[in-house]
Amino acid sequence: MTFEVTILGSSSATPIFNRNPTSQVLNINERLYLIDCGEGTQQQMLRYDIKASRIDHILISHLHGDHYLGLVGLLSSMHLNGRKKPVILVCPAPLKEIIDLQLHYSETELQFPLEYIFTDAERAAVVIVNSDVIIETIPLDHRIACTGFLFKEKKRLRKLIKEKIEGLNISVAYYSILKKGGDYTDENGVVYKNEDLTIDSAEPKTYVYCSDTMYNESYFAQISNATLLYHEATFLNDMLDRAVITHHTTALQAGEIALKTNSKKLLIGHFSARYRTLDELLNEAQSVFPATELAIEGKTFAIE
Numbered sequence: 019m020t021f022e023v024t025i026l027g028s029s030s031a032t033p034i035f036n037r038n039p040t041s042q043v044l045n046i047n048e049r050l051y052l053i054d055c056g057e058g059t060q061q062q063m064l065r066y067d068i069k070a071s072r073i074d075h076i077l078i079s080h081l082h083g084d085h086y087l088g089l090v091g092l093l094s095s096m097h098l099n100g101r102k103k104p105v106i107l108v109c110p111a112p113l114k115e116i117i118d119l120q121l122h123y124s125e126t127e128l129q130f131p132l133e134y135i136f137t138d139a140e141r142a143a144v145v146i147v148n149s150d151v152i153i154e155t156i157p158l159d160h161r162i163a164c165t166g167f168l169f170k171e172k173k174r175l176r177k178l179i180k181e182k183i184e185g186l187n188i189s190v191a192y193y194s195i196l197k198k199g200g201d202y203t204d205e206n207g208v209v210y211k212n213e214d215l216t217i218d219s220a221e222p223k224t225y226v227y228c229s230d231t232m233y234n235e236s237y238f239a240q241i242s243n244a245t246l247l248y249h250e251a252t253f254l255n256d257m258l259d260r261a262v263i264t265h266h267t268t269a270l271q272a273g274e275i276a277l278k279t280n281s282k283k284l285l286i287g288h289f290s291a292r293y294r295t296l297d298e299l300l301n302e303a304q305s306v307f308p309a310t311e312l313a314i315e316g317k318t319f320a321i322e
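What follows is the structure, encoded as structure tokens:
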């Protein structure tokens with residue numbers, strides 16, 4: 019199953035140099051989920067050949083402009099391009115008022131439904147469940163209400179051991195029962211335990227998206243054992259005081275979080291515009307957690 023994330027924007031607050039405000043596209047089994055939608059997201063989607071028509075879910079972490087100011091433009095383009103199917107928008111409740119206001123004063127009535135799922139920054143909650151994934155909100159510690167998102171693959175059915183199945187001449191009609199964990203009883207009443215005929219499927223993989231937040235162990239348990247952890251790393255650690263004031267994280271702290279939560283890999287982003295190059299941020303995170311990469315725009319990261 020495809021499970022990968024493409025970075026569209028990795029800058030904090032403002033677009034700068036070759037970096038755009040935050041946005042990512044997550045591909046789960048060829049379903050696309052847009053995570054945050056900063057200014058310039060549409061242009062980045064065109065640049066990296068991501069079709070808006072394939073996006074049915076948009077998740078907005080919070081209402082600082084660098085995370086949602088590209089949204090109304092994207093919705094308007096979907097409208098102009100004749101979209102009819104719904105867009106499911108997972109977001110803070112006040113975003114509906116903002117969208118309604120802009121559509122009202124532009125005298126625009128979208129040709130497709132907007133279906134809202136409102137987030138609560140005070141508690142974790144499951145917001146989407148389908149055949150591929152379970153999506154939960156993660157309460158974060160920012161200056162305004164902010165949630166991250168945890169994407170967890172659905173547990174797959176057990177796998178048949180071909181040689182044993184064929185040796186017992188088990189009917190194909192019985193396969194679904196075995197895959198779901200059932201035992202097999204033959205025509206003579208002999209019972210064959212499921213664990214002797216099948217093996218467990220791979221452990222579900224997870225992608226964790228922690229947007230704007232300061233270091234706070236309150237969310238560590240929820241994000242533990244991530245296959246890939248994306249965590250903001252706005253500043254170098256010599257600006258820790260500034261990070262605390264603005265409720266952001268340093269690259270060093272992001273590395274510490276990945277280490278403490280037993281993440282397999284770390285992806286850092288949301289870089290301050292003061293940094294023209296990112297090597298120091300990468301080196302700082304890697305000094306604590308070597309399996310760290312930069313969220314480079316246009317790059318796709320497999321979650322494996």
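Mapped onto the numbering used here, the consecutive letters of the sequence shown carry residue numbers 19 to 322. Where a beta carbon is used, it is the ideal one built from N, C-alpha and C, also for glycine. Note that this is a predicted model, so its numbers are computed, not measured.
### Task
On the DSSP bridge assignment, give the partners of K278 in chain order.
Mapped onto the sequence shown, residue 278 falls at position 260. The partner list for K278 (beta bridge, DSSP) is empty, contrary to what the question assumes.
### Query
S219 to E171, Cα distance in whole Å?
As a first step, residue 219 must be located in the sequence shown, where it is residue number 201. As a first step, residue 171 must be located in the sequence shown, where it is residue number 153. Distance between the alpha carbons of S219 and E171: 12 Å.
### Message
Going by DSSP in three states, T264 sits in which element: helix, strand or coil?
### Response
For the purposes of this step, residue 264 is taken as residue 246 along the sequence shown, with counting starting at 1. Here T264 sits in helix by DSSP.
### Query
What is the C-beta distance between I76 and L107, in whole angstroms, given that I count them as a contact (C-beta under 8 Å)?
By one-based count along the sequence shown, residue 76 stands at place 58. By one-based count along the sequence shown, residue 107 stands at place 89. Right, the Cβ-Cβ distance comes to about 5 Å (below 8 Å), so this counts as a contact.
### Task
Could you have a look at G287 and say whether DSSP puts it in helix, strand or coil?
Position 269 of the sequence shown, counting from 1, holds the residue named residue 287. G287 falls in the strand class under three-state DSSP.
### Query
Curious, which full-length alpha helix (DSSP H) runs of at least 4 residues does the stretch 102 to 152 contain?
As far as the stretch 102 to 152 is concerned, its whole alpha helix (DSSP H) runs of at least 4 residues are 112 to 123.
### Task
Within the same chain, show all residues whose beta-carbon is closer than 8 Å to that of L178, passing over the 5 residues directly before and after it, in chain order.
Translated into the one-based positions of the sequence shown, residue 178 becomes position 160. Closer than 8 Å at the Cβ level, and outside the excluded window around L178, lie Y193, L196, K197, L215, T216.
### Task
Give the single residue among S305, H266, D259 whose Cα lies nearest to the Cα of L277.
The residue labelled residue 277 in the question sits at position 259 within the sequence shown. Checking every option, the nearest Cα to that of L277 belongs to S305.
### Query
Taking the alpha-carbon positions, what's the I156 to L168 distance?
Numbered from 1 along the sequence shown, position 138 holds the residue referred to as residue 156. Numbered from 1 along the sequence shown, position 150 holds the residue referred to as residue 168. If you take the alpha carbons of I156 and L168, they lie about 7 Å apart.
### Own chain residues within Cβ distance below 7 Å of Y293, not counting five before or after
The residue you call residue 293 lines up with position 275 of the sequence shown. So the list reads L299, once near-sequence residues are dropped.
### Message
Please tell me whether T310 and G273 are closer than 8 Å, where the distance is taken between their beta carbons.
### Response
In the sequence shown, residue 310 corresponds to position 292, counting from 1. In the sequence shown, residue 273 corresponds to position 255, counting from 1. Yes, the Cβ-Cβ distance between T310 and G273 is below 8 Å.
### Task
Express the C-alpha separation of D159 and Y202 in angstroms, rounding to a whole number.
Working through the sequence shown from its first residue, we reach residue 202 at position 184. Working through the sequence shown from its first residue, we reach residue 159 at position 141. Computed Cα separation, rounded: 51 Å.
### Message
Which of the three DSSP states is assigned to Y202 in this structure?
### Response
To locate residue 202, count along the sequence shown from 1; it is residue 184. Under the three-state reduction of DSSP, Y202 is assigned to strand.
### Task
Below 6 Å CB to CB, which residues in the same chain sit around E133 once its five sequence neighbours on both sides are set aside?
Residue numbering aside, residue 133 sits at position 115 when the sequence shown is read from its first letter. P104, I106, listed in sequence order.
### Task
Have a look at V90 and E184 and give me their C-alpha separation to the nearest angstrom.
Taking the first residue of the sequence shown as position 1, residue 90 is located at position 72. Taking the first residue of the sequence shown as position 1, residue 184 is located at position 166. Straight through space, the alpha carbons of E184 and V90 are spaced by roughly 57 Å.
### Task
Output the distance between the C-alpha atoms of I321 and I46, rounded to the nearest integer angstrom.
Working through the sequence shown from its first residue, we reach residue 321 at position 303. Working through the sequence shown from its first residue, we reach residue 46 at position 28. Rounded to whole angstroms, I321 to I46 spans 10 Å at the Cα level.
### Query
So who's on the other strand from A320, going by DSSP bridges?
In the sequence shown, the residue the question calls residue 320 occupies position 302. BP columns for A320 point to E22.
### Task
Using the DSSP secondary-structure output, state which residues sit across from K170 in a beta bridge.
Indexing the sequence shown from 1 puts residue 170 at position 152. DSSP links K170 through a beta bridge to I152, T224.
### Query
Nearest to K317 by alpha carbon, out of N148, Q62, K182, I275?
The residue you call residue 317 lines up with position 299 of the sequence shown. It is Q62.
### Task
Might you give, ordered along the chain, the residues of its own chain that have their beta carbon closer than 8 Å to the beta carbon of I162, omitting 5 neighbours on each side?
By 1-based counting over the sequence shown, the position of residue 162 is 144. Cβ within range, chain order: H80, L81, H82.
### Query
How big is the Cα-Cα spacing for T59 and P222?
Position 41 of the sequence shown, counting from 1, holds the residue named residue 59. Position 204 of the sequence shown, counting from 1, holds the residue named residue 222. Answer to the nearest angstrom: the Cα atoms are 30 Å apart.
### Message
Taking 7 Å as the cut-off, is the C-beta of D218 nearer than that to any heavy atom in the ligand FAD?
### Response
Absent from the structure shown: the ligand FAD. Ligands present: none.
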